[in-house]
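These notes concern the structure reproduced below.
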Amino acid sequence: MQCKGIGGERPATVAEFTLHNAQHDQGDTYDMSNVDGHNIGMSIKPIEGTYEAVDNPDLNKYNCGTMTCTFDMSQCPPELTMDDGNGGKVCLSICAAIHNAQQREQHEHLKKIFDDEEKRSLVCCSEDKGYNHSPYNKEDREQGKKLCEVEKWPRSSDNKRYDEIFKEQCPDAYSWQFDDLKSTYQCKNAHYEITLCPGGDVLHAENNISTSEIKHTTPKLIDYLTKSASLTSQAPSVTTEAPIDEPTTQDQCHAYCMANLDFYQKQKPTPVDVTTEQSSAAPTTNATDKVLHADTEWKRVFEDDFNEDGAVDNNKWKFETGTADNGWGNNELQYYTDRSENAHCENGYLSIEAKKEDFQGSSYTSARLNSIQSFTYGRLQIRAKLPAAKGTWSALWMLPDEQSYGSQHWPDTGEIDLMEQVGYDPSKIHSSVHTKAENGMNGNNPSYSIDINDATTEYKVYTLQWDSDKIEMFVSNDETNAFDKSIFKYEKGDKDWTQWPFDKPFHILMNIAVGGNWGGKQGIDENAFPQRMEIDWVRFYENQ
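Numbering (the UniProt record's numbering), first residue to last: 1 to 544.
Structural data, given as structure tokens:
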């Protein structure tokens, strides 16, 4: 945000727009950046825009996609954490931190970096090495990367690369000055809705701030501070009329904004719906539930963003291999392997791939991944894009670590199915639970379905809210609106263990099966293989 051309005082999260960009066929380009540190969460959503799809599906997310940056300040290392002067915290960039004398005095880790000329040089904070300069010219960027070898930077006090701290929190945003250009999105003929503090203001624990709401109430202030007219290709003229008591310096801008902060925090954004057709059986989420979900304190205890190309992280995941008994009890046809051909990380995604090939006596191969870490109660979120071929059976789900109830066999200790999808009906998403009394074998397990027409072409966020008294599941276009569509709710009430065994540690599973009692119900399209399920990230939060 700029005020009379004056940028925000660092650390500052930046939203950048270039309208009618000649290098992008006169379309707009937009991005977010934490290169100068992080001080506020935000999301950018194009409205009514279009952009021609490309052949590579991995790149289509950047065409008129919604980008979101929410930041868990508990993940900012202490040497980068600073009071914002208004009761909140901000996360400095490493460059800003080591050049802040007061910050260095408080943190010996920073002082050691600053006092060591070689270490100070490695973090690439001098102007001649490109600090505060993120060129779009490919040659300049390559030269900058050679000068600033990020993998050689000194590690943080908790042994993380400084750029990765920001990339893990905000995968859509730029994390350092020579980050790759993937975080540049493009769109044509769009309006842009910017929401500040999506999911709640982590600094002041208030509601969302949405320019779409504020603009109708205080047009002079918003046009002046955000130049909102410049954020639409359809009306490129810029409003220059200033509000009363026009601020002219950075301090005055800050004071003016803070004076209106109470008003901003009382605004609520217009809800953004998911492109879905909800089945009649699926319950909807009421406003009270949304508030409860938003206001609870959560701590992220597990995360994998799959940003390192190559093998799956064996510190976080293990493979189940083989065919088990009777095709995993469902007459499935695949042989699960631990090969990279069936599961690997590429371009920031985990790809689980089902292939038509003869292997170990089976005619198909695939992968089934289990999390090493287990959980009891919390919030699981997975951002994924699903396959679309007759014969596939994709699942994001949870199983108990041990069968400790009843006969000590499935499903006495339960099963939680966050998302299941079969390829002969690819737009229908199913969520359910299985227990001793209610399960798929006797045909009476609690389940709901929802139609999502673009689940195989766009990434969706699948959310499980698992509490001691209920299980609820949601689907949305992005993390910002994770609780907009409730597709399943199962409450404990006065149920005994035969209907509520969900008080034990469970682990996460992700897999594609082929054929079987359900997936193969309408046959298999052999010519459609290979088929992939792509996972952008997996996160688990616990209630503090």
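All C-beta atoms, glycine included, are put in the ideal place defined by N, C-alpha and C.
The Cβ neighbour count for residue 372, taken over all protein chains shown within 10 Å, is under 16; the residue is labelled exposed.
Judged by beta-carbon spacing, residue 349 lies within the 8 Å limit of residue 306, meaning their Cβ atoms are closer than that value. Collapsing the DSSP output to three states places residue 380 in a strand. Nearest to residue 395 by C-alpha distance, out of 407, 416, 410, is 416.
Burial state of residue 198 is buried, judged by a 10 Å Cβ sphere holding 16 or more other Cβ atoms. Contact check between the stretch 29-38 and the stretch 405-425: fewer than three CB pairs, one atom from each, fall below 8 Å, which does not count as touching. The alpha carbon of residue 97 has as its nearest neighbour, out of 365, 77, 326, 457, the alpha carbon of 77.
Across the structure, residue 389 and residue 172 are spaced so that their CA atoms are roughly 29 Å apart. Three or more Cβ pairs closer than 8 Å define a contact, and the stretch 479-489 falls short of that threshold against the stretch 506-522. By the criterion of a C-beta distance shorter than 8 Å, residue 315 is surrounded in its chain by 372, once the five residues flanking it on both sides are discounted. Its Cα nearest to that of residue 452, the residue 477 stands out among 311, 434, 477. Spanning the alpha carbons of residue 400 and residue 536 requires a straight line of approximately 24 Å. Along the stretch 44-102, the alpha helix (DSSP H) occurs as fully enclosed runs of 4 or more residues at 94-98, listed in sequence order. Following the DSSP letters along the chain, one finds residue 509 inside the beta strand (DSSP E) bounded by residues 506-514. The beta-bridge partner set that DSSP reports for residue 310 consists of 345.
If you look at residue 394, you'll find it in the beta strand (DSSP E) that goes 392-400.
Contact between residue 503 and residue 447 does not hold, since their C-beta atoms are separated by about 21 Å, which reaches or exceeds 8 Å. Contact between residue 195 and residue 480 holds: their C-beta atoms lie close to 7 Å from each other, under 8 Å.
DSSP, reduced to helix, strand and coil, places residue 18 within a strand of the structure shown. In the structure shown, the three-state DSSP call for residue 373 is strand.
If you ignore the 5 residues before and after residue 356, its C-beta comes within less than 8 Å of the C-beta of 363, 364, 526, 529, 530, all in its own chain and listed in chain order.
Here the alpha carbon of residue 483 sits roughly 15 Å from the alpha carbon of residue 70. The Cβ atoms of residue 383 and residue 335 do not sit closer than 8 Å to each other.
A distance below 8 Å between beta-carbons, with the five flanking residues on each side excluded, links residue 174 to the following residues of its chain, in chain order: 31, 32, 33, 34, 35, 134, 183. Here residue 117 carries a helix assignment [DSSP, helix/strand/coil]. Shown here, residue 445 sits in coil according to DSSP, grouped into three states, outside any helix or strand. The alpha-carbon of residue 439 is positioned some 15 Å away from that of residue 408. Rounded to the nearest whole angstrom, the C-alpha separation of residue 542 and residue 92 is 26 Å. Annotation for residue 163: the continuous alpha helix (DSSP H) segment containing it runs 162-169. Contact between residue 418 and residue 380 holds, with the beta-carbon distance rounding to 7 Å and staying under 8 Å. At the C-beta level, residue 170 and residue 46 stay beyond 8 Å of one another.
Take residue 163, set aside five residues on each side of it, and the residues of its chain with a beta-carbon closer than 8 Å to its own are 150, 153, 175, 176, 179, in chain order.
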